[in-house]
Amino acid sequence: MEQLIDLTGNVTDIIFKNEANGYLVCVLKTKEGKITVVGNLPFVNEGDRIKVTGYRVQHRDYGEQFKVVSFEKCEPDTHESIERSLASGLIKGIGPVTAKKIVEKFGNDTLKIIETQPDKLAEIKGISLKKALEIGKAYKEQAEAQRIILQFQEYGISPGYAMKIYRVFGNQALQRVRENPYCLTEEVFGIGFKTADNIAMKIGIDMASDSRVEAGIRYVLSEAARSGHTYLPEPVLVGKTAALLGVLQDQVEHLISGLAVDKKITVEQTESGIHIYLSAFYIAEKNVALKLLRLAETEFPADEETLDLRIGVLEKMNNITLDETQKEAVKMAVTSGLCIITGGPGTGKTTIINTIIGLMKEDKKVFLLAAPTGRAAKRMTQAIGHEAKTIHRLLEIGYMEEGNDDSLEFARNESNPLIADIVIIDEMSMVDILLMNHLLKAIIPGTRLVLIGDSNQLPSVGPGNVLRDIITGGKFKTVQLNRIYRQNEDSMITLNAHYINSGKMPEMNNQKGDFFFLSKNSPEKLASTVVELCAYRLPNAYGYDPMKDIQVLTPIRKGIAGVNELNVRLQEVLNPKKPGLGEYKFKDFTYRVGDKVMQIKNNYNLQWVMNDNESVWGEGIFNGDIGIIEELDDENRVAKIVFEDRYAYYDYGLFDELEPAYAVTVHKSQGSEFPAVILPVYPGPPLLMTRNLLYTAVTRARELVVIVGNKAALQGMVDNVRELKRYSGLKSKIIAYGEL
């Protein structure tokens, strides 16, 4: 980073201001002249005198700017600057006219009078004693807020996060943080253990303090959840926490008991040992197991002969023929409170759903369709011909507090359930334990629930192994579809997916021309071949658009065949740097106009507008949605991103919800489908190079699969049935509660 320097001057103009986080673009007049200053400057207004610490940068459109790292306010040094500061709206009750009167009366003593003798303001015509005292109170509140935020800078807290902390704790912020900086991890969204720990070190908190160890325990459990676990065995949790914090295991064990008493964690005694949960995951597992068992108790009897006749009529109407297993699935779905239908690609899941819906429509029953992600819901809508929503939309999610992910709530729940005779959920392998819990809260006995998915795909990104636990628990009616139907005579993709799933090498470089393997044993040649295929060979041979039709999927993030490196290489070829082409650097990637990006978390409040009809708009861009950056407006710090049929404007602060998407991980591709998939395969960690990951990648392709890399590594993936160990207690709870 450039050498830090200080500048002092008066704010003459506000160009842009974000009240929520204090981000500011302003003009600062110094002794050397005027300069544009950018950064988090909460409570800074026109007319203020400030000292900023930071460094100079050269903006391609706006010239020299000064990026702020920290700042402090100075007393205004002229009548004019005092008046402009008061007139800026900083203090409630003072506008331009009142500000002028006050400064004319008190001159350079104005701010001192307002702070220490506000009753004197009543000497001015038009200001009552009540208003004078209110102005004094408002000034003191602003001054205290500024003092607190500036003090936080000494602890290494940026002005933006300092503003967040102040909004949560108010004037108690400094006291709360000094007493226990780890409270920030629970109370302030966006501040995690590592940030709080850095603050604690600067304050001088004892490294072995109970508050630090308790926060460390919760942090280790939270990190475990990010890896898919709902709990950790006690020895694993104790060992990881002690190693992280550099404390004794005895202290960790002792404090686990205290956290359990406070219900921040849950300790479960099982035959296999002690399991430690963050309480939310334990409650979710327990609720899911009990609710599924309750739903499964309900039956909807129907005359089997009549049902067979009705299914036969639908077969003729739709020009289809169901085999006995498919008919069993249909009958089970309409006569049971709960059933699970699982099978790979081409096994007729869509045909079964259509037949179930046909029977429901004949009986004038209400049906609801949903899937975990926006892309999966869209695919379901296209395949079925009826609207499918994301599960979150089905449950009518909303923010209690705008911009705070911790404030998400579902309007549909036990007291406001879904009104439907049958709810059908597709792509169940992607559903994690927390989402499943919310879904089941909104489903009451009397509603049929049909869960459809492919248990051989990768498990959910979120914690738990829900679909597999439900199936292997052995308490619920389940139909396994094995026979392949959806197989175009000219396609090997579906057949090869089943080969892989059964442990056989796929047939490649076949005459049908849709499944290829290119042997590249050098990492450099592998990476360059992937770029060449995406940019030139596939577009030339098949007419594919590199941005819209081709998706590079990879098992790993790091290394030459990983997401990070391939995104840089693909960007260099598909969207190279050009004079005048807008750019914005966020973290380790420089985004450009024209870049392909993916939304990596659900944002339910982000507004979008339809591309072909700007009078049609809505809210919600979802995890897995892929778009192209069309505009980067640095002055207003806004990006326009165009998705398949809509566009949205992103504040630059939302770029942490995006990733470059020339290449994405196989996990991130779940629920999506692409015309062509390029899959680099190279020796990597055995727990990532697995059969179900390869199977998931291949089943994302609709028309073409090209695998590039090392044949031995490919064979290794086909043979490798190891899976990343997921600590999940749902299966054991289903078994235990089902035997009560």
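Position one of the sequence shown corresponds to residue 29 (my numbering), numbered consecutively onward.
In this text, a Cβ means the ideal position worked out from N, Cα and C, and glycines have one as well.
1) Assuming Ile227 and Ile185 form a contact by the criterion Cβ under 8 Å, report the distance between their Cβ atoms to the nearest whole angstrom.
2) Only counting the same chain, and skipping five residues up and downstream in sequence, which positions put a Cβ closer than 6 Å to that of Arg403?
3) Nearest by alpha-carbon distance to Val596: which of Gly608, Asp623 and Pro607 is it?
4) Can you give the Cα-Cα distance for Phe438 and Thr418, rounded to whole angstroms?
5) Tell me whether Leu722 is buried or exposed, calling it buried when 16 or more other Cβ atoms sit within 10 Å of its Cβ.
6) Which parts of the segment 302–377 are runs of the alpha helix (DSSP H), unbroken and 4 residues or longer, counting only runs that do not cross its ends?
7) Rounded to whole angstroms, what's the CA-CA distance from Val72 to Leu114? Just pull it up for me.
8) Using 10 angstroms around the beta-carbon of Ile380, count the other beta-carbons present and answer buried if the total reaches 16, otherwise exposed.
9) Assign Thr144 to buried or exposed, taking buried as 16 or more other Cβ atoms, counted over all protein chains shown, within 10 Å of its Cβ.
10) Which partner residues does Arg665 have in the DSSP bridge list?
11) For the beta strand (DSSP E) containing Gly244, list its first residue and its last residue.
12) Would you grab the beta carbon distance between Val507 and Thr353 for me? Rounded to a whole angstrom, and I think it's under 8 Å.
13) Measure the C-alpha to C-alpha separation of Gly431 and Asp460 and round it to an integer number of angstroms.
14) Starting from the N-terminal side, write out each stretch of the beta strand (DSSP E) that is 3 residues or longer and does not extend beyond the segment 396–479.
15) What does DSSP give as the partner residue(s) for Ser547 in the beta ladder?
16) Locate the alpha helix (DSSP H) running through Lys128, then write down its first and last residues.
17) To which residues of the same chain is Ile348 closer than 7 Å at the C-beta, ignoring the five residues directly before and after it?
18) Helix, strand or coil for Gln635, going by three-state DSSP, please let me know.
19) What residues are listed by DSSP as bridge partners for Tyr51?
20) Under three-state DSSP, which class holds Ala569?
21) Go through the segment 691–764 residue by residue and report every complete run of the beta strand (DSSP E) that reaches 3 residues or more, in order.
22) When DSSP labels each residue in this structure, what does Lys62 get in the three-state scheme?
23) I think Leu495 touches Tyr710, with their Cβ atoms under 8 Å apart; what is that distance to the nearest whole Å?
24) Can you tell me whether Ile155 is helix, strand or coil according to DSSP?
25) Decide if Trp636 is buried, meaning its Cβ has at least 16 other Cβ atoms within 10 Å, or exposed.
26) Would a C-beta distance cut-off of 9 Å place Gln170 and Ile245 closer than the cut-off?
27) With three or more beta-carbon pairs closer than 8 Å as the criterion, would you say the segment 463–475 touches the segment 370–390?
28) Closest to Leu202 by C-alpha separation, out of Ala173, Gly218, Asp225 and Thr213, would be which residue?
29) Could you spell out where the alpha helix (DSSP H) holding His87 opens and where it closes?
30) Note the first and the last residue of the continuous alpha helix (DSSP H) segment covering Asn630.
31) So for Val591, helix, strand or coil by DSSP?
32) Quick one: give me the first and last residue of the alpha helix (DSSP H) that Gly223 is part of.
33) Following the continuous alpha helix (DSSP H) through Gln277, name the residue where it begins and the one where it ends.
34) Report whether the distance from the Cβ of Ala404 to the nearest heavy atom of the ligand MN is below 8 Å.
35) Could you give the C-beta distance for Ile219 and Tyr194, rounded to a whole number, given that I count them as a contact under 8 Å?
Here's the rundown:
1) On the sequence shown, position 199 is the one that residue 227 refers to. On the sequence shown, position 157 is the one that residue 185 refers to. About 7 Å; that satisfies the 8 Å criterion.
2) Here residue 403 is taken as the residue at index 375 of the sequence shown, counted from 1. Gly652, Gly699 and Ser700, listed in sequence order.
3) Position 568 of the sequence shown, counted from the first residue, corresponds to residue 596. Of the candidates Gly608, Asp623 and Pro607, the one whose C-alpha sits nearest the C-alpha of Val596 is Asp623.
4) As a working mapping, residue 438 is identified with position 410 in the sequence shown. As a working mapping, residue 418 is identified with position 390 in the sequence shown. Spanning the two alpha carbons is a distance of roughly 13 Å.
5) Sequence index remark: in the sequence shown, residue 722 carries index 694 (1-based). Leu722 comes out buried.
6) 307–325, 332–346 and 352–363
7) What you label residue 72 is simply residue 44 of the sequence shown in a count that begins at 1. What you label residue 114 is simply residue 86 of the sequence shown in a count that begins at 1. Cα atoms of Val72 and Leu114: separation of roughly 11 Å, rounded to the nearest angstrom.
8) For this step, residue 380 is matched to residue 352 along the sequence shown. Buried, since its Cβ has 16 or more Cβ neighbours within 10 Å.
9) Within the sequence shown, numbered from 1, the residue matching residue 144 stands at position 116. With fewer than 16 other Cβ atoms from the protein chains shown falling within 10 Å of its own Cβ, Thr144 counts as exposed.
10) Taking the sequence shown and counting its residues from 1, one reaches residue 665 at position 637. Arg665 pairs with nothing; no bridge assigned.
11) One-based indexing of the sequence shown puts residue 244 at position 216. It is not in any beta strand (DSSP E) - Gly244 instead sits in the alpha helix (DSSP H) that spans Asp238 to Arg254.
12) Sequence index remark: in the sequence shown, residue 507 carries index 479 (1-based). Sequence index remark: in the sequence shown, residue 353 carries index 325 (1-based). Between Thr353 and Val507 the Cβ distance is about 6 Å, and since that is below 8 Å, they are a contact.
13) Against the sequence shown, residue 431 aligns to sequence position 403. Against the sequence shown, residue 460 aligns to sequence position 432. With a pLDDT of 49 at Gly431, under the threshold of 50, the modelled position of this residue cannot be trusted; read the value that follows with caution. Using only the alpha carbons, I get a separation of about 23 Å.
14) For the segment 396–479, whole beta strand (DSSP E) runs of length 3 or above, ordered along the chain, are 416–418, 425–427, 436–438 and 450–453.
15) The sequence position of residue 547 within the sequence shown is 519, counting from 1. According to DSSP, which records beta bridges pairwise, Ser547 is partnered with Gly737.
16) One-based indexing of the sequence shown puts residue 128 at position 100. Lys128 -> alpha helix (DSSP H) spans Pro124 to Phe134.
17) Translated into the one-based positions of the sequence shown, residue 348 becomes position 320. Hits under 7 Å: Thr379.
18) Within the sequence shown, numbered from 1, the residue matching residue 635 stands at position 607. The answer is strand: DSSP assigns Gln635 an E or B state.
19) In the sequence shown, the residue the question calls residue 51 occupies position 23. According to DSSP, Tyr51 bridges with Asn46 and Asn68.
20) Mapped onto the sequence shown, residue 569 falls at position 541. Judged by DSSP in its simplified three-state form, Ala569 adopts helix.
21) 691–693, 702–709 and 729–737
22) Stepping through the sequence shown from its first residue, residue 62 is reached at position 34. The answer is strand: DSSP assigns Lys62 an E or B state.
23) Residue 495 sits at position 467 when you count from the first residue of the sequence shown. Residue 710 sits at position 682 when you count from the first residue of the sequence shown. In this structure Leu495 is not in contact with Tyr710, their Cβ atoms being roughly 30 Å apart against a cut-off of 8 Å.
24) Counting from one through the sequence shown, the residue named residue 155 turns up at place 127. Three-state result, Ile155: coil.
25) Taking the first residue of the sequence shown as position 1, residue 636 is located at position 608. Buried, since its Cβ has 16 or more Cβ neighbours within 10 Å.
26) On the sequence shown, position 142 is the one that residue 170 refers to. On the sequence shown, position 217 is the one that residue 245 refers to. Contact: no.
27) Taking a cut-off of 8 Å for Cβ pairs, the segment 463–475 and the segment 370–390 do not touch, as fewer than three such pairs fall below it.
28) Taking the sequence shown and counting its residues from 1, the one referred to as residue 202 is at position 174. Nearest in C-alpha terms to Leu202, of all of Ala173, Gly218, Asp225 and Thr213, is Ala173.
29) Residue 87 sits at position 59 when you count from the first residue of the sequence shown. Careful: His87 lies outside any alpha helix (DSSP H), inside the beta strand (DSSP E) at Arg77 to His87.
30) Residue numbering aside, residue 630 sits at position 602 when the sequence shown is read from its first letter. Element bounds for Asn630: n/a, residue is neither H nor E.
31) On the sequence shown, residue 591 is found 563 positions in, with the first residue counted as 1. DSSP places Val591 in helix when its eight states are reduced to three.
32) Indexing the sequence shown from 1 puts residue 223 at position 195. Looking at the sequence itself, residue 223 is Thr, so the reference to Gly does not match. Phe221 to Ile231 is the span of the alpha helix (DSSP H), which, as asked, contains Thr223.
33) If you number the sequence shown from 1, residue 277 lands on position 249. Residues Gln277 to Val289.
34) Questions concerning the ligand MN fall outside what the structure shown contains, since it holds no ligand whatsoever.
35) Here residue 219 is taken as the residue at index 191 of the sequence shown, counted from 1. Here residue 194 is taken as the residue at index 166 of the sequence shown, counted from 1. Going by Cβ atoms, the distance from Ile219 to Tyr194 rounds to 13 Å, so no, they are not a contact pair.
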